[in-house]
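One structure is given here, and the rest of the page talks about it.
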Amino acid sequence: MRIDAKNKDNGVILHLNGKVIGDGVPQFRHTIEECINSGAEWLIIDLAKVPLMDSSALGAIISAFLKLQEKNGKLALLNAQKGILDVLAITKLDSLFEVYDDMQMALEAVDL
Amino acid sequence: MKIKNHTDEIALSIPSADRYIYLLDRVVSYVAGEMKFDEETREQVNLAVIEAGTNAMRHGNGNDPKKTAEFRFIIERDKLVVLVKDSGSGFDPEDIEDPLSPDNFMKPCGRGIFLMRALMDEVEYNVIADNGTEVRLVKYRNSQES
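If you're matching them up, the sequences are chains V and R in order. Count the first sequence with my numbering and you get residues 241 to 352, in order. Count the second sequence with my numbering and you get residues 85 to 230, in order.
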């Protein structure tokens with residue numbers, strides 16, 4: 241699973257490529273933690289090229305959400321595919337995460 | 085990987101290490117394709133088996149690559165049955181808390197079994213005394229018509 245992190249203003253856009261499962265999850269979690277520990281005030285996680293993520297990957301996103309919230313920061317999901325949207329609905333996490341299909345709208349939502 | 089009886093049953097034994105989940109993913113994808121499930125159903129089966137396999141490897145077998153997680157994919161006329169077995173000390177699935185409850189909703193873990201039950205038609209656990217846990221997952225062909 242590949243992660244491409246792009247710094248923008250005071251936040252980071254993470255472009256993920258591949259299924260976030262197995263040892264891809266610790267990689268994902270570590271990348272998020274590095275971004276937040278380095279001072280990112282918001283995160284956008286681009287899921288356009290992620291066909292599937294397991295429950296531990298969702299857990300990593302929840303942890304990121306909570307850490308950012310402590311700093312009044314924000315997190316947004318971008319371009320989630322249908323399978324992931326279905327899982328977010330099943331787990332009711334669609335009530336927690338903001339999900340966008342347009343980068344500009346996501347940026348306007350998170351960039352304080 | 086062993087193929088028996090004209091691909092009606094596929095047996096797989098995987099060392100318990102996170103990197104092999106991608107191998108499991110490949111096999112599940114292949115089997116779901118063989119079942120001629122539609123795309124949504126294939127994704128459901130894919131994720132449910134990944135969750136079961138991850139649980140077996142991480143929690144059942146403690147991510148110990150010397151321990152294997154055993155998978156059997158049984159392709160029947162009307163359904164796919166997937167058996168996943170670990171060699172851990174067993175657990176009571178009833179002890180798993182509801183991830184939707186307010187106390188648990190913000191926890192980063194505890195959604196795997198919940199998702200398996202939501203995505204598959206049947207999920208049954210069998211704790212085998214001193215010999216691990218086996219979970220049986222079933223997806224019916226005609227469930228995609230509902």
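Note that beta-carbon positions come from the ideal geometry of N, C-alpha and C, so glycine has one too.
Top-ranked residue by Cα proximity to residue i, from the options
| i | options | result |
| --- | --- | --- |
| Lys311 of chain V | V:Gln267, V:Ala349, V:Ala280, V:Leu256 | V:Ala280 |
| Leu292 of chain V | V:Gly258, V:Ala245, V:Asn247 | V:Gly258 |
| Asn207 of chain R | R:Asp109, R:Val166, R:Glu123 | Here residue 207 of chain R turns out to be Val, not Asn, going by the sequence shown. Of R:Asp109, R:Val166, R:Glu123, the residue nearest in Cα terms is R:Val166. |
| Asn250 of chain V | V:Tyr340, V:Val339, V:Leu315, V:Asp263 | V:Leu315 |
| Ile105 of chain R | R:Glu178, R:Asp187, R:Ala153 | R:Ala153 |
| Met241 of chain V | R:Met119, R:Leu96, R:Thr125, R:Arg103 | R:Arg103 |
| Asp162 of chain R | R:Glu178, R:Arg225, R:Ser100, R:Ala101 | R:Arg225 |
| Gly146 of chain R | R:Ala101, R:Gly196, R:Phe121 | R:Ala101 |
| Glu160 of chain R | R:Glu118, R:Lys150, R:Gly196 | R:Glu118 |
| Arg269 of chain V | R:Leu199, R:Met200, R:Pro192 | R:Pro192 |
| Glu274 of chain V | V:Ser296, V:Tyr340, V:Ser303, V:Asp263 | V:Ser303 |
| Leu184 of chain R | V:Val339, V:Ile330, V:Gln309, V:Asp341 | V:Ile330 |
| Pro186 of chain R | V:Gln309, V:Asp341, V:Lys332 | V:Lys332 |
| Glu135 of chain R | R:Asn188, R:Asp182, R:Asp109 | R:Asp109 |
| Met190 of chain R | V:Val339, V:Ala300, V:Asn277 | V:Ala300 |
| Leu308 of chain V | V:Val265, V:Ala297, V:Asn247, V:Ile272 | V:Ile272 |
| Asp92 of chain R | R:Leu107, R:Leu164, R:Glu123, R:Asn188 | R:Leu164 |
| Asn277 of chain V | V:Gly313, V:Met343, V:Gln344 | V:Gly313 |
| Trp282 of chain V | V:Lys248, V:Met343, V:Asp342, V:Pro266 | V:Lys248 |
| Leu107 of chain R | R:Ile197, R:Gly137, R:Glu181, R:Ala202 | R:Gly137 |
| Asp342 of chain V | V:Ala297, V:Ile284, V:Gln267 | V:Ile284 |
Same chain, Cβ closer than 8 Å to residue i, five either side skipped, listed in chain order
| i | result |
| --- | --- |
| Met204 of chain R | Gln128, Val129, Ala132, Leu221, Val222, Lys223 |
| Thr217 of chain R | Ala140, Gly144, Lys169, Asp170, Gly172, Gly174, Phe175, Tyr209, Asn210, Val211 |
| Phe305 of chain V | Leu315, Leu336, Phe337 |
| Asp148 of chain R | Ser100 |
| Asp355 of chain V | In the structure displayed, chain V extends from 241 to 352; residue 355 of chain V sits before or after that span and is not available. |
| Val111 of chain R | Met85, Ile94, Leu96, Phe155, Phe157 |
| Ser113 of chain R | Arg126, Asn130 |
| Leu199 of chain R | Leu131, Ala132, Glu135 |
Start-to-end residues for the alpha helix (DSSP H) that takes in residue i
| i | result |
| --- | --- |
| Thr217 of chain R | Here Thr217 of chain R belongs to no alpha helix (DSSP H); instead the beta strand (DSSP E) covers 217-224. |
| Ile324 of chain V | 322-330 |
| Asn130 of chain R | 123-138 |
| His270 of chain V | 264-277 |
| Tyr114 of chain R | 105-118 |
| Ile302 of chain V | 295-310 |
| Gly251 of chain V | Not the alpha helix (DSSP H): Gly251 of chain V falls in the beta strand (DSSP E), residues 251-257. |
| Leu203 of chain R | 196-203 |
| Ala349 of chain V | 343-350 |
Own chain partners of residue i with C-beta closer than 6 Å, once the 5 adjacent residues on each side are dropped
| i | result |
| --- | --- |
| Ala245 of chain V | Val252, Leu254 |
| Asn89 of chain R | Only weak support exists for where Asn89 of chain R lies, its pLDDT of 49 falling under 50; the coordinates are left without a value. |
| Ile261 of chain V | Asp294 |
| Ser97 of chain R | Thr152, Glu154 |
| Phe157 of chain R | Ile94, Val115, Val166 |
Endpoints, the beta strand (DSSP E) within which residue i is located
| i | result |
| --- | --- |
| Gln286 of chain V | At residue 286 of chain V the sequence reads Asp, which differs from the Gln that was named. From DSSP, the beta strand (DSSP E) with Asp286 of chain V extends over 282-289. |
| Ser97 of chain R | 93-99 |
| Leu184 of chain R | Segment: none, Leu184 of chain R is in no beta strand (DSSP E) and carries neither H nor E. |
| Asp244 of chain V | 242-248 |
Own chain partners of residue i with C-beta closer than 7 Å, once the 5 adjacent residues on each side are dropped
| i | result |
| --- | --- |
| Asp179 of chain R | none |
*asked:* Measuring CB atoms only, is the region 310-329 of chain V touching the region 283-299 of chain V, in the sense that at least three cross pairs come out at less than 8 Å?
replied: yes
*Counting Cβ pairs, one atom from each stretch, are 3 or more of them under 8 Å apart for the region 345-352 of chain V and the region 134-150 of chain R?*
no
*Report the residues of the region 300-314 of chain V with a CB closer than 8 Å to any CB of chain R, ordered along the chain.*
Ala300, Ile302, Ser303, Leu306
*When Cβ atoms are compared, which residues of the region 127-150 of chain R fall closer than 7 Å to chain V?*
Glu127, Asn130, Leu131, Ile134, Glu135, Thr138
*Which residues, in order along the region 173-184 of chain R, keep a beta-carbon less than 9 Å from a beta-carbon of chain V?*
Pro183, Leu184
*asked:* Under 8 Å, CB to CB, which of the residues in the region 242-263 of chain V have a partner in chain R?
replied: Lys259, Ile261, Gly262, Asp263
*Scan the region 105-122 of chain R for residues whose Cβ lies nearer than 7 Å to a Cβ of chain V and list them as they occur along the chain.*
Ile105, Tyr106, Asp109
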